[in-house]
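Visitor: Have a look at the structure that comes next, please.
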Amino acid sequence: MSTEITQQAHAATIQTDVHGHHEGDHGHHHEESFISKYVFSQDHKMIAKQFLITGMIWGIIGGLFSVLFRLQLGYPDMSFPFLEDMFGKWAAGGRISNEFYYSLVTMHGTILVFFVLTAGLSGTFANFLIPLQVGARDMASPFLNMLSYWFFFLASCIMFASLFLQTGPASGGWTIYPPLSALGQASEGSKLGMDFWLISMAMFIVSSLLGGLNYITTILNMRTKGMSMTRMPLTIWAIFFTAVLGVLSFPVLLSGAILLLFDRNLGTSFYLSEIVVKGEILPNEGGSAILFQHLFWFLGHPEVYIILMPALGMVSEILSVNSRKPIFGYLAMVGSLFAIAILAFLVWAHHMFVTGLNPFLGAFFVLLTLLIAVPSAIKVFNWLTTIWRGNLRFTPAMLFAIGFVSLFISGGLTGIFLGNSTLDIHLHDTYFVVAHFHIVMGVASMFGMFAGVYHWYPKMYGRYMNNTLAYIHFWVSLAGAYLIFWPMHYFGLAGMPRRYTDWSNWQSFNMFTDANRVISTVAMVVFAVQLLFIFNFFYSIWKGRKVTTQNPWGANTLEWTAPIRPGHGNWPGEIPEVHRWAYDYGKDGREFVSQVEPVSDSESKH
Amino acid sequence: MTLTLIVTIMALAFVVIFQIAKASEYVMVLKGEEKGFQQSNRINAFLFLSFLVLGLVAAWWCNELFYHKTLFTQPAASDHGEKIDKMMWLTLAVTGLVFFITQILLFWFAYKYQYSEKRRAYFFAHSNKLELIWTVVPAIFLTILVGMGLYYWFGITGPAPKDAQLVEITGKQFNWMMRYPGKDGVLGRKNYRLTDASNGNALGVDWEDGSSHDDIESTEMHLVVGNPVQLVINAQDVIHDVGLVHFRMKMDAVPGIPTTMWFTPKYTTAQMKEITGNKDFVYEISCDQICGSGHYSMRGIIIVETQAEYDQWISGIKPQYRTVMESKAAPTADSLQNASAALQPMAQDLAKK
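Keeping their order, the protein sequence lines are chains R and G. At position 179 of the first sequence (counting the first as 1) the number is 179 in this note's numbering, and the numbers step up by one without a gap. Counting the second sequence from 1 gives a position; this note's numbering is that position plus 1000.
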């Protein structure tokens, strides 16, 4: 510990002019208090850990919610008295009430999409990896970066508080379509819970913007000497596009949310027109409920790429490192990320084919949506070629990366069904959709996140996580993901609508009782295994096997040239200079060639 | 009780797994990390191969279990539905092929190229030819899918035939209401401010408009087999969605913005009972857009029948306008009963005092 501190002090004093503007942030490390080191930290690595751990807590809550509503779906006839003990009137008689069911579904979606997979995934790895991989001492503005976390924390507190409201949290689905979300008369969850949801989301958007602007600025301006854009690891490219997407699309959601707040509380009619609710005739006329859907999905669709793209980047990196081969088609990988980022803005209305959208307009969205399959296909084939004739080391990160590719294929292909408006008429809002987005956006991104955690854990804590637990975690999660979501495609092809508490009154949808029971049971096992992961994570912080070498995976990127436990400022002494791209693995018979090694004359060209 | 049991079992399982995991880590350190790594690498490589094989078997088994429960086993009940089914098979064929090729390659490569001391990874950074192939080939297939899809899409969403029967369907929490235009073929004007369910005007029809006087209201939808039908779709409170699973059709019901869709039913309810072998078969309208706590129970019924059956049904229903006017003109027995029911608590209150 003490050597580390002297190293940091050293680092601060010998900073060169190149990074001189940054010096002020480093002056007083040896005086860091508990508060400034662990709580209001401005060190990107600590902020990354804060995002990760907060995300994990949310992950447990969101996952637990899914277990609860799976109880209802899998065992509709059974009563669970402990539910009543825990939730009182929401589970009277040991059965999950309808209101409670919809609250659980809504909060599960909100939590997983925003708090876990946006903040927890991209917040964590953008913060952790950008400065370490581009060769910077910290983010462009460590203070804004700190604020970004604390706005996220505030958003978390408000959302968490909404769980305890007397009328319950929001319950109109994570997409909160008005008028349902605008009218307290229409649903319990549309009372105070909805205001909390909107305010929390506004705070979340502030957090996301502060973070995103920082990520973009840092990547564009603070790369170390020699780190040209085309030498950046794919992780950084992916995070860069993610941040751009977020900065351009989150404000639109904010506007949508604010208008909804106005409609709810100030009597405006942005989304409301000609409504009779529970016999009450409302005065609002002239608004459009569809307007909200445009505003929402203008963020909402890029949002799924905000979730997915960091995973795409990390998987590319991890596959290459552990195949001991360069990533195949680096420029094509960057190009396809770019294409996905552009297309992400142009496809939002494919969520709205059956809202009465002009069919002619819909046609363009079909075309643009299915176009995304091209860059996605490029990525998949490039990954396959990357592992082809490699020398694969199945570290836990590598397992999750391979699992990611499998899930990305499975979930991506079903997107070709849903993006085609003709099929969407039939499949829209059925279990087919549930299967599709859970596999490709939910589980796949989760796998990307796990891959990232296992891969960079040694850098984060100077220790390894337990491998055996990691293997169990991977195999149960992979098998579980398919067991849960594969049968749901069949539910969807039977036309079974999503967001139904109970199908027993329906002639057309009452035939999957057994399958639902199996799914619920598997879901519980998978949830338990995630707890095992979380246990492994925290246990290993203190008790894990220690990392003894600076570069345990034999990787080329810059973070592995920093000390095992880097202090604030990352490198003692000068920031290393970069001389080559990040993927010289297996070149000229050498295992790996770090980015900091100058290119020699005898080297072969590629 | 069950909870404590489950929690105890889970905790025990955790402890056991954790102890094994720790022990295996110690063993690995003792044996030497390199050797331990090679061993676990072989196991994981083998598991990838097993996962591929078992996964394919499981996919086949899952298909055995569930295929007959999907709609593939019964014909689409509308002409549009048939197009959608065709498109479905085409897409399934293309994506299915890609699915099997890529998944098999992925897991096979994972097994085949597992770490070996002897192997050297092949330095292969890019190949314009390969990348061109897997840009162009998917693009061609997607063009076909987009082309076919849009061809059907414009057919399905195009204008309804002139002779299509008009039916209005209105969603509210949590049921459906239908309105038929009557003999004049025109639905009477509506004004949501006139909505008054307790006085027989649940839909807010403007009785001033003469064309409303022969409109017929119903809670069931009756359609004539082989006759195109155009639905005019409304919602009163929140967004709902008219999901017609057997016809493969779906359209949102949005407050303030009427939507529409049309199709031609191909089989009567009775015929579908035979086709599906289910004597309880019924065409159901499901709400497919979350609309509140009763969303899952928002069910409607469609009865497809022959022209004769339909005529008989519709002639048996009095236009809503007449029902309303008659009840206004003279308090019927019904409304008298209601009034006395309303007075009863008052009388009881008085009696107590």
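Heads up, the beta-carbon is just placed ideally off N, CA and C, and yes, glycines get one too. All of these numbers come straight from a predicted model, not from anything done at the bench.
Excluding sequence positions up to five away, which residues of its chain have a Cβ less than 7 Å from the Cβ of Phe241(R)?
Guide: The residue you call residue 241(R) lines up with position 241 of the first sequence. So the list reads Met309, Leu337, Phe338, Ala341, once near-sequence residues are dropped.
Visitor: For Gly279(R), which residues in chain G fall below 9 Å Cβ to Cβ?
Guide: Along the first sequence, read from residue 1 onward, the residue named residue 279(R) stands at position 279. Per Cβ cutoff of 9 Å: Thr1195, Asp1196, Ala1197, Ser1198.
Visitor: Is the segment 483 to 497 of chain R in contact with the segment 446 to 453 of chain R, if contact means three or more CB pairs nearer than 8 Å?
Guide: no
Visitor: Using the beta-carbon of each residue, which ones in chain R are nearer than 9 Å to Ala1045(G)?
Guide: Within the second sequence, numbered from 1, the residue matching residue 1045(G) stands at position 45. The contacting residues are Leu392, Phe394.
Visitor: Could you name the residues of the segment 1100 to 1125 of chain G whose beta carbon sits closer than 8 Å to any beta carbon of chain R, in the order they occur along the chain?
Guide: Thr1102, Gln1103, Leu1105, Leu1106, Phe1107, Phe1109, Ala1110, Tyr1113, Gln1114, Tyr1115, Ser1116, Arg1119, Arg1120, Ala1121, Tyr1122, Phe1123, Phe1124, Ala1125
Visitor: Does any C-beta atom of chain G lie closer than 7 Å to the C-beta of Lys89(R)?
Guide: Here residue 89(R) corresponds to residue number 89 of the first sequence, with the count starting at 1. Closer than 7 Å: no.
Visitor: Should Asp1237(G) be flagged as near chain R, meaning a C-beta pair shorter than 7 Å?
Guide: Here residue 1237(G) is taken as the residue at index 237 of the second sequence, counted from 1. Yes, contact with chain R.
Visitor: Taking the C-alpha atoms as reference points, what is the distance between Gly544(R) and Pro1138(G)?
Guide: Position 544 of the first sequence, counted from the first residue, corresponds to residue 544(R). Position 138 of the second sequence, counted from the first residue, corresponds to residue 1138(G). Rounded to whole angstroms, Gly544(R) to Pro1138(G) spans 46 Å at the Cα level.
Visitor: From this set, Gln507(R), Tyr471(R), His473(R), which residue's C-alpha is nearest Lys1279(G)'s C-alpha?
Guide: In the second sequence, residue 1279(G) corresponds to position 279, counting from 1. Cα-wise, what sits closest to Lys1279(G) is Gln507(R).
Visitor: Assign Lys379(R) to one of three DSSP states: helix, strand, or coil.
Guide: Locating residue 379(R) in the first sequence gives position 379, where the first residue counts as 1. In the structure shown, Lys379(R) sits in a helix (DSSP, three-state: H, G or I).
Visitor: Can you look up Glu574(R) in the DSSP assignment and give me helix, strand or coil?
Guide: Translated into the one-based positions of the first sequence, residue 574(R) becomes position 574. Coil.
Visitor: Short check: CB of Gly193(R) to CB of Gly168(R), under 7 Å?
Guide: Along the first sequence, read from residue 1 onward, the residue named residue 193(R) stands at position 193. Along the first sequence, read from residue 1 onward, the residue named residue 168(R) stands at position 168. Yes, these two residues count as a Cβ contact at 7 Å.
Visitor: Kindly give me the distance between the Cβ atoms of Val525(R) and Val476(R), rounded to whole angstroms, as I take these residues to be in contact under 8 Å.
Guide: What you label residue 525(R) is simply residue 525 of the first sequence in a count that begins at 1. What you label residue 476(R) is simply residue 476 of the first sequence in a count that begins at 1. With 8 Å as the limit, Val525(R) and Val476(R) qualify as a contact, their Cβ atoms being about 7 Å apart.
Visitor: Anything in chain G within Cβ reach of Pro326(R), meaning under 8 Å, just list it in chain order.
Guide: The residue labelled residue 326(R) in the question sits at position 326 within the first sequence. The answer, in chain order, is Phe1123, Phe1124, Ala1125.
Visitor: Any Cβ of chain R within less than 7 Å of the Cβ of Asn1234(G)?
Guide: Counting from 1 along the second sequence, the entry for residue 1234(G) is found at position 234. So, not an interface residue.
Visitor: Kindly indicate if chain G contains any beta-carbon less than 7 Å away from that of Asn516(R).
Guide: Working through the first sequence from its first residue, we reach residue 516(R) at position 516. Judged by the 7 Å Cβ criterion, Asn516(R) is not in contact with chain G.
Visitor: So, with DSSP's three-state summary, where would you put Asp1252(G)?
Guide: As a working mapping, residue 1252(G) is identified with position 252 in the second sequence. Of the three classes helix, strand and coil, the one that applies to Asp1252(G) here is strand, per DSSP.
Visitor: May I ask you to verify whether the segment 1078 to 1095 of chain G touches the segment 498 to 506 of chain R, counting CB pairs closer than 8 Å and requiring at least 3?
Guide: In short, these stretches do not touch, since the Cβ pair count stays below three.
Visitor: Buried or exposed for Ile14(R), please, with buried defined as at least 16 other CB atoms from any protein chain shown within 10 angstroms of its CB.
Guide: On the first sequence, residue 14(R) is found 14 positions in, with the first residue counted as 1. Bear in mind that a pLDDT of 41 at Ile14(R), under 50, signals an unreliable position, so the number given afterwards is only what the model happens to contain. Classification of Ile14(R): exposed, given that the 10 Å Cβ count is below 16.
Visitor: Within 10 angstroms of its Cβ, does Tyr1067(G) collect 16 or more other Cβ (buried), or is it exposed?
Guide: For the purposes of this step, residue 1067(G) is taken as residue 67 along the second sequence, with counting starting at 1. Only exposed fits Tyr1067(G), as fewer than 16 other CB atoms lie within 10 angstroms of its CB.
Visitor: In three-state terms, what does DSSP make of Leu266(R)?
Guide: As a first step, residue 266(R) is located in the first sequence; it is residue number 266 there, counting from the start. In the structure shown, Leu266(R) sits in coil (DSSP, three-state: anything other than H, G, I, E or B).
Visitor: Of the residues Tyr500(R), Phe364(R), Tyr585(R), which one's Cα is nearest the Cα of Arg389(R)?
Guide: Taking the first residue of the first sequence as position 1, residue 389(R) is located at position 389. Minimum Cα distance to Arg389(R) is reached at Tyr585(R).
Visitor: Looking only at DSSP bridge pairs, what is Asn1175(G) linked to?
Guide: Residue mapping note: residue 1175(G) aligns to position 175 of the second sequence, counting from 1. Per DSSP, Lys1172(G).
Visitor: Taking all protein chains shown into account, decide if Thr1008(G) is buried (16 or more other Cβ within 10 angstroms of its Cβ) or exposed.
Guide: As a first step, residue 1008(G) must be located in the second sequence, where it is residue number 8. Exposed: under 16 other Cβ atoms inside 10 Å.
Visitor: For His21(R), which of helix, strand or coil comes out of DSSP?
Guide: Along the first sequence, one-based indexing puts residue 21(R) at 21. For His21(R), the pLDDT reaches just 44, beneath the cut-off of 50, and the residue's location in the model is therefore unreliable, leaving the point undetermined.
Visitor: For the alpha helix (DSSP H) containing Cys639(R), name the first residue and the last one.
Guide: This structure leaves residue 639(R) out entirely; chain R is present only between 1 and 606.
Visitor: Determine the direct distance from the alpha carbon of Pro458(R) to that of Pro552(R), and round the result to whole angstroms.
Guide: Taking the first residue of the first sequence as position 1, residue 552(R) is located at position 552. Taking the first residue of the first sequence as position 1, residue 458(R) is located at position 458. Each residue's CA atom was taken as its position, placing Pro552(R) and Pro458(R) some 8 Å apart.
Visitor: Using a C-beta to C-beta distance shorter than 7 Å, which residues of chain R count as neighbours of Thr1157(G)?
Guide: Numbered from 1 along the second sequence, position 157 holds the residue referred to as residue 1157(G). Those within 7 Å of Thr1157(G) in chain R are Pro359.
Visitor: Could you confirm whether any beta carbon from chain G is found closer than 7 Å to the beta carbon of Pro497(R)?
Guide: Here residue 497(R) refers to the residue found at position 497 of the first sequence. Taking Cβ atoms only, chain G reaches closer than 7 Å to Pro497(R), which makes this a yes.
Visitor: Starting from the C-beta of His22(R), find all residues in its chain whose C-beta is less than 6 Å away, skip the five residues before and the five after it, and write them out in chain order.
Guide: Indexing the first sequence from 1 puts residue 22(R) at position 22. Unreliable positioning characterises His22(R) in this predicted model, as indicated by a pLDDT of 45, which lies under 50. The coordinate reading is nonetheless provided below. The residues are Arg137.
Visitor: Residues of chain G with CB under 7 Å from Ser187(R), in chain order?
Guide: Taking the first residue of the first sequence as position 1, residue 187(R) is located at position 187. Residues of chain G passing the Cβ test: Gly1292, Ser1293.
Visitor: Just mark Met1177(G) as buried or exposed, buried being the case when its beta carbon has 16 or more other beta carbons within 10 Å.
Guide: By one-based count along the second sequence, residue 1177(G) stands at place 177. Classification for Met1177(G): buried.
Visitor: Along chain R, which residues have their Cβ under 7 Å away from the Cβ of Pro1255(G)?
Guide: As a position in the second sequence, residue 1255(G) is number 255, starting the count at 1. For Pro1255(G), the chain R residues whose C-beta falls within less than 7 Å of its own C-beta are Pro179, Ser273, Glu274, Ile275, Ala289, listed in chain order.
Visitor: If you draw a straight line from the alpha carbon of Phe408(R) to that of Glu274(R), how long is it in whole angstroms?
Guide: Your numbering for residue 408(R) matches position 408 in the first sequence. Your numbering for residue 274(R) matches position 274 in the first sequence. The alpha-carbon atoms of Phe408(R) and Glu274(R) are separated by roughly 43 Å.
Visitor: By the DSSP assignment, the beta strand (DSSP E) with Ser41(R) in it spans what residues?
Guide: Taking the first residue of the first sequence as position 1, residue 41(R) is located at position 41. That residue, Ser41(R), is in no beta strand (DSSP E); it is neither H nor E in DSSP.
Visitor: Between Met1010(G) and chain R, is there a C-beta pair that is closer than 7 Å?
Guide: The residue you call residue 1010(G) lines up with position 10 of the second sequence. Answer yes: the Cβ-Cβ gap between Met1010(G) and chain R drops below 7 Å somewhere.
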